[in-house]
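Visitor: So the sequence lines, in the order shown, correspond to chains A and B. Residue numbering for the first sequence follows this note's numbering, starting at 8 and increasing by one per position. Residue numbering for the second sequence follows this note's numbering, starting at 821 and increasing by one per position. Below is the structure I would like to discuss, written out as structure tokens.
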Amino acid sequence: MYLGRYRQGEWVVLRGQKITPVSGSATYPYPQYDAVDPNRLLGAKTHDTTQFTGGTNPVVQVYDKEFNKVAEKEMWPEFPVKYPAIFKASLFLGSDIPEGICTSITTYTNYNRIGGVINSQGMVCSFEVLPGGHASGSYIAMHYLDLPHAKFVLGQHDSDSLDFRKNPKV
Amino acid sequence: MPPVGTFTETNDGNVFHFRGDQSVKRWDGFLGDYVDAGVPVPGSAVTSASVGGDSYIVGIYYAYLRFLDSRGKVSNLSPVSNKLIMGGVRYGVCTSIEEWAEPTAYVTSASHGLTTGALIRITGGRSDHFNGEFRVGATTQNTFEIWLQLTPYDEFDIDIRTRQRYQGGATWLEIGNAIQYSDVEVPTDSRVVTRQILRNKDGNVNTFYVDIEDTDLTATTFTSTNADINLGEEVPLLANDGTDLNISRHSEPPDFKRVAVHHYSRIFAAKNLDYREGSVGVINSAEGPNSEVPSQTDQSLIVTGIGTKWTSAMAGRSLLINAPDGATKYTIASVDADEQTLQIETPYSGETSSAVSYSISAPDSEKLTLHFSEPGLPESWARDKVLTLTDDPHSGDLVGLMPMGPRLFILFEHRTQSLAYASAPDLDGQVSFSSARGCVNQRCWIRDGSTAYLMDQRGVYAFNGNQTKDLTSQIQGFFTGNDEFSISWGNSDLFHASHDPSTRSIRWFVSLGSSKVRFALAFNYGTQGWWLEEYSEPITASTLAHVDGFQKAIWGGPVHRVLKSETGAVDGLPTGKTAARGSVSSARSTVLSDNNAVFIPEYAGSPVCIIEGRGKGQVRTIVRSDGHELEIDRPFSILPAAGSVYQVGGFKWKYKTPVIRWAPVGSKKAIRSVSLRFSPSSAESTLVARRYEDFSSTASTLSYTRTSEEGDGVSTEEGSGDMVIDTTDSLGFVSQAIDSTSSPRTRRGRSVRFELEGTTSTDRHKIYEIIVEGANQQ
């Protein structure tokens, strides 16, 4: 699955769905996201494959274009009650994620009641990190400071950083 | 995403940043980076003891330790030391004193217990000549040598002493001659550059004095020979009226509050952080062997975070775990920020789960508290001085604070209260109900003089401190939830208001039908007019700045971009760069090429609009600009064809008139037209007019094709509804006839709306007048 194009400093939401290969009669709803804006939830559809809600959480590993692992994250249920088998992890594209095509591999293992492995599955997705980004990310709070020696724009970013920039001009 | 914090500035030029999950940060315009605000308090008391020394210290003493930072800001005092009684420890009777004439004399006193170096005072001798203070030299069990001077190697004249024979009657008393402080805490926080040990004077336990000052920060034991008269800086503990002056008024700012404002000489902090990011894994070891998570062991006290970013500041807060079998609250004992695990005080008792939702917040007792700094001391917070608001179930959550005049308004989701105080909010502060409207968050209000403009979930309103006036009755559809353009409140943490005083306009940046904050409900408080703006990228922060001598709103966007409002005719271009406009030579899904243009790299980050031809109306963000190519962030939905016109930095705008009724004309031909007066632009840009009959959502098409020259500045195309206006026409006036020849009984349109849509180029579009001929005068 292609997840889209992002710049450094943006967030990618990685999603995964836990299923078993055992066909069952149960159907589960799962969310549908906007193709252009992947964070926009459009509604729900039902899935005709049995979803598995127990066991360990899926883990997603992200590889750069040289296939070096650049991130690994455990996923968690996005909607624990409504869609218990849909998992997600948010990945911030910082300076450790280079430009180019990245591949995410989501894996999980299902166990039975006595600890035996039912199945182990994986899902591969890709997304592209574009040029033109900045590892600081987006501003989420700002303040203007006017001091005798200089003027500053102070900022908090969604990369979890604070900074200040001197003498803004247009 | 991290918690959205608030900045607040104090009169001394310091800026503080509160976010609720870590120490409050400070920056002063000179520091290389933000630092933690305040000074940490020593956690343990010093131990004091009497030792031999060179001083004359007699009395009852206590000691405190405190830390100072590089600016001399002080911490709270440590716990108090033990009680120390100095002097009178050993005493005895001088049975004999011999060889008085020498630099030394020998005193016989059975089992005296003195040690070399001790200082004694002899009193009671029948002759005053034997009385005085002496230092002990060599000792035996029953005798000790005394030096007839306090400092043995100084010059002295033994003749000042008597040569008389000792006649008995004298007693000696050891003088407490130095104080030793041990167990002195070594600070681990980099803010601390100085330690001070404070000591009282004998007989006064309200005022302490600096006895030891240390900048080395390594020793744990100090010895002081300062007599009371030699003590340093005075540190009073309590004022006459009982006000704490130094004991606990210098606590660090509260790290669990995420909203702070400066009001007169104090900072006020409110709104606890409710942290819910990610999920938690929990284990109940009492359930027995866990078949679903076989590798994990008994760890009922450990909660594991998934996708979390917990900080050590969260220790001591409440953890609510929404376990499958019910929600339960626990207290966090400690946080391992590296491993993202919490240790809770009592074992987890719910159902074992690999991922459940949770929240971390300050204890319930802090839910409605208002903390405030000491006057003029923004880094000193007396934690016992707190205002606790009354819980009102109709108010919703506490969301922010708004200073206006002498009052501080406390903003809830659906209510506003005000705090008025004279000198001490905890003593003379009065909280009262102000209005039945609230605010979305701390960032959704703007204050302009004595009027504030706020947005709550019911709309936008003006507030003068006493009365509210609703401003959004005309655009209520945004707030009802039934309109296609209704506001999505799910991401309201990032909503914010931006004020541009020069144009008297306020924008509330919100999400409409999308999770991204890239729409602005814009309001001009001069004309009371509303309009909607859409931005190609989210605008998630703003502030008011002085730029080039004017007050202007500046905005923060993605990838570290800072934008200034109301500047130039195009959008998002860097300083001094000219916008490019041209015809597409070729296009791929994410690349647009123009063989006749050379694009500069600085275009990256700016929008590019397709304004004419195939693919018209699409706006994308440029991520790479190089040579003849522009690479865009998202693929085109409709691929532009060769000849389609693009505009870099194009600012697309649209205006639609209200419904205009046509005047009745009877059986005559209806003479109708629409004319436009505008300011001619120096370069080509796009301006299109369209006509919508009655309630039609599609523009009325035109039945003929005409060039701009033929149409006196208006070009049309058969089958299209667009009347394309030549904005470079020096006349600044165009007109389009739309006569009607229908008879009175024919089914025909009764009203019309006109729409103008433009994309700027080098100049702003200035439309002075839309003249509709044939309209009903009423």
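Note that beta-carbon positions come from the ideal geometry of N, C-alpha and C, so glycine has one too. Computed from a predicted model, the values in this text were never measured in an experiment.
(1) Does the stretch 1153–1166 of chain B come within contact of the stretch 1205–1212 of chain B, defined as at least 3 CB pairs closer than 8 Å?
(2) Could you tell me how far apart the beta carbons of residue 1036 of chain B and residue 860 of chain B are, in whole angstroms, since I believe they sit closer than 8 Å?
(3) Which residue or residues does DSSP assign as beta-bridge partners of residue 1050 of chain B?
(4) Identify every residue that forms a DSSP beta bridge with residue 132 of chain A.
(5) Is residue 1060 of chain B helix, strand or coil when you go by DSSP?
(6) What residue does the beta strand (DSSP E) around residue 1574 of chain B start on, and which one ends it?
(7) Taking CB distances under 9 Å as the criterion, tell me whether residue 97 of chain A reaches chain B.
(8) Can we say the stretch 1126–1135 of chain B touches the stretch 81–94 of chain A, given the rule of at least three CB pairs closer than 8 Å?
(9) Apart from the five residues just before and just after residue 1072 of chain B, which ones in its own chain have a Cβ nearer than 6 Å to its Cβ?
(10) So, does the CB of residue 77 of chain A fall closer than 9 Å to a CB anywhere in chain B?
(11) Could you tell me which residues DSSP puts in a beta bridge with residue 1591 of chain B?
(12) Looking only at its own chain, which residues have a Cβ that is under 6 Å from the Cβ of residue 1351 of chain B, when we skip the five neighbours before and after it?
(13) What do you get for residue 1556 of chain B, buried or exposed, if any count of 16 or more other CB atoms within 10 angstroms of its CB means buried?
(14) Within the chosen definition, does the stretch 1320–1337 of chain B reach the stretch 1346–1364 of chain B through at least 3 CB pairs nearer than 8 Å?
(15) Mind checking the stretch 1201–1224 of chain B against chain A and listing, in chain order, the residues whose C-beta falls within less than 8 Å of any C-beta there?
(16) Answer yes or no: does any C-beta atom of chain B fall closer than 9 Å to that of residue 160 of chain A?
(17) Three-state secondary structure (DSSP) at residue 1364 of chain B?
(18) Using the Cα positions of residue 130 of chain A and residue 1588 of chain B, report the straight-line distance between them to the nearest angstrom.
(19) In terms of residues, what are the limits of the alpha helix (DSSP H) holding residue 1297 of chain B?
(20) Taking the alpha helix (DSSP H) that residue 1352 of chain B falls in, what are its first and last residues?
(21) Note down, one range per segment and in chain order, each beta strand (DSSP E) of at least 3 residues found wholly within the stretch 1135–1221 of chain B.
(22) Measure the beta-carbon distance from residue 72 of chain A to residue 107 of chain A and round it to whole angstroms, keeping in mind my assumption that it falls under 8 Å.
(23) Using a Cβ-Cβ cutoff of less than 8 Å, which residues in the same chain neighbour residue 1265 of chain B once the five nearest sequence positions on both sides are dropped?
(24) I'd like to confirm the pairing. Which residues does DSSP put opposite residue 95 of chain A in its beta bridges?
(25) How long is the line joining the alpha carbons of residue 111 of chain A and residue 23 of chain A, rounded to whole angstroms?
(26) Could you check the C-alpha separation between residue 1197 of chain B and residue 1505 of chain B for me, to the nearest Å?
(27) So which residues on chain A does residue 829 of chain B lean against when the C-beta distance must stay under 8 Å?
(28) Look at the alpha carbon of residue 1403 of chain B and the alpha carbon of residue 823 of chain B, and state the distance between them as a whole number of angstroms.
(29) Taking 8 Å as the limit between beta carbons, can you name the residues of its chain near residue 1079 of chain B, skipping five residues before and five after?
(30) Mind listing the chain B neighbours of residue 22 of chain A? Cutoff is C-beta to C-beta under 9 Å, in chain order.
(31) With 9 Å as the threshold, decide whether the Cβ of residue 1080 of chain B is near any Cβ in chain A.
(32) Grouping DSSP H, G and I as helix and E and B as strand, with all else coil, what is residue 1097 of chain B?
(33) So what does residue 881 of chain B bridge to, in DSSP terms?
(34) Taking any Cβ of chain A, which residues in the stretch 839–856 of chain B have a Cβ under 7 Å from it, in chain order?
(35) Between the stretch 1189–1203 of chain B and the stretch 1052–1063 of chain B, do at least 3 Cβ pairs fall closer than 8 Å?
(36) Got a sec? Which residues, its chain only, sit under 6 Å from residue 1606 of chain B by beta carbon, not counting five neighbours each side?
Guide: Straight from the coordinates:
(1) Touching, no, given that fewer than three Cβ pairs across the two stretches are closer than 8 Å.
(2) Working through the second sequence from its first residue, we reach residue 1036 of chain B at position 216. Working through the second sequence from its first residue, we reach residue 860 of chain B at position 40. Wrong, their Cβ atoms sit about 18 Å apart, outside the cutoff.
(3) In the second sequence, counting from the first residue as 1, residue 1050 of chain B sits at position 230. DSSP, once it has assigned bridges, lists no residue as partnering residue 1050 of chain B.
(4) What you label residue 132 of chain A is simply residue 125 of the first sequence in a count that begins at 1. Partner(s): A:111.
(5) By one-based count along the second sequence, residue 1060 of chain B stands at place 240. Residue 1060 of chain B falls in the coil class under three-state DSSP.
(6) Counted from its first residue, the second sequence places residue 1574 of chain B at position 754. Per DSSP, residue 1574 of chain B belongs to the beta strand (DSSP E) from 1571–1579.
(7) Against the first sequence, residue 97 of chain A aligns to sequence position 90. Yes, contact with chain B.
(8) With the cut-off at 8 Å, the stretch 1126–1135 of chain B and the stretch 81–94 of chain A touch.
(9) As a position in the second sequence, residue 1072 of chain B is number 252, starting the count at 1. Around residue 1072 of chain B: 858.
(10) Here residue 77 of chain A refers to the residue found at position 70 of the first sequence. Residue 77 of chain A does not count as touching chain B.
(11) To locate residue 1591 of chain B, count along the second sequence from 1; it is residue 771. In the DSSP output, where bridge partners are listed per residue, residue 1591 of chain B has B:1495.
(12) In the second sequence, residue 1351 of chain B corresponds to position 531, counting from 1. For residue 1351 of chain B, where only same-chain residues beyond five positions count, the Cβ hits under 6 Å are 1342.
(13) Taking the first residue of the second sequence as position 1, residue 1556 of chain B is located at position 736. By the 10 Å Cβ count, residue 1556 of chain B comes out buried.
(14) yes
(15) none
(16) In the first sequence, residue 160 of chain A corresponds to position 153, counting from 1. Chain B contact via Cβ: present.
(17) Locating residue 1364 of chain B in the second sequence gives position 544, where the first residue counts as 1. Three-state result, residue 1364 of chain B: strand.
(18) The residue you call residue 130 of chain A lines up with position 123 of the first sequence. The residue you call residue 1588 of chain B lines up with position 768 of the second sequence. If I take the Cα positions, the gap works out to 59 Å.
(19) The residue given as residue 1297 of chain B occupies position 477 in the second sequence. 1297–1300 is the extent of the alpha helix (DSSP H) around residue 1297 of chain B.
(20) Along the second sequence, one-based indexing puts residue 1352 of chain B at 532. Premise fails: residue 1352 of chain B lies in the beta strand (DSSP E), 1349–1354, not in any alpha helix (DSSP H).
(21) Correct list: 1138–1143, 1146–1156, 1161–1164, 1173–1176, 1178–1181, 1189–1192 and 1206–1208.
(22) Stepping through the first sequence from its first residue, residue 72 of chain A is reached at position 65. Stepping through the first sequence from its first residue, residue 107 of chain A is reached at position 100. That pair is a contact at about 4 Å.
(23) Along the second sequence, one-based indexing puts residue 1265 of chain B at 445. Taken in chain order, the residues that qualify are 1220, 1222, 1231, 1259, 1272, 1273, 1274, 1275 and 1317.
(24) To locate residue 95 of chain A, count along the first sequence from 1; it is residue 88. Its beta-bridge partners are A:22 and A:83.
(25) By 1-based counting over the first sequence, the position of residue 111 of chain A is 104. By 1-based counting over the first sequence, the position of residue 23 of chain A is 16. Their backbone Cα atoms lie some 11 Å apart in a straight line.
(26) Position 377 of the second sequence holds residue 1197 of chain B. Position 685 of the second sequence holds residue 1505 of chain B. The straight-line gap from Cα to Cα measures roughly 56 Å.
(27) As a position in the second sequence, residue 829 of chain B is number 9, starting the count at 1. Those within 8 Å of residue 829 of chain B in chain A are 150 and 152.
(28) In the second sequence, counting from the first residue as 1, residue 1403 of chain B sits at position 583. In the second sequence, counting from the first residue as 1, residue 823 of chain B sits at position 3. Rounded to the nearest angstrom, the two C-alpha atoms are 45 Å apart.
(29) As a working note, residue 1079 of chain B is residue 259 in the second sequence. The answer, listed in chain order, is 826, 838, 1089, 1090, 1091, 1219, 1220, 1221 and 1262.
(30) Counting from 1 along the first sequence, the entry for residue 22 of chain A is found at position 15. Ordered by position in chain B, no residue passes the 9 Å Cβ test against residue 22 of chain A, which lies about 12 Å from the chain.
(31) Counting from one through the second sequence, the residue named residue 1080 of chain B turns up at place 260. Not one chain A Cβ lies under 9 Å of residue 1080 of chain B.
(32) Position 277 of the second sequence, counted from the start, is the residue given in the question as residue 1097 of chain B. Looking at residue 1097 of chain B - three-state DSSP - the assignment turns out to be coil, as it is neither helix nor strand.
(33) Within the second sequence, the letter at position 61 stands for residue 881 of chain B. Answer is B:904.
(34) Listed in sequence order: 845, 847, 849 and 854.
(35) no
(36) Residue 1606 of chain B falls outside the range modelled here, since chain B spans only 821 to 1598, and no answer is possible.
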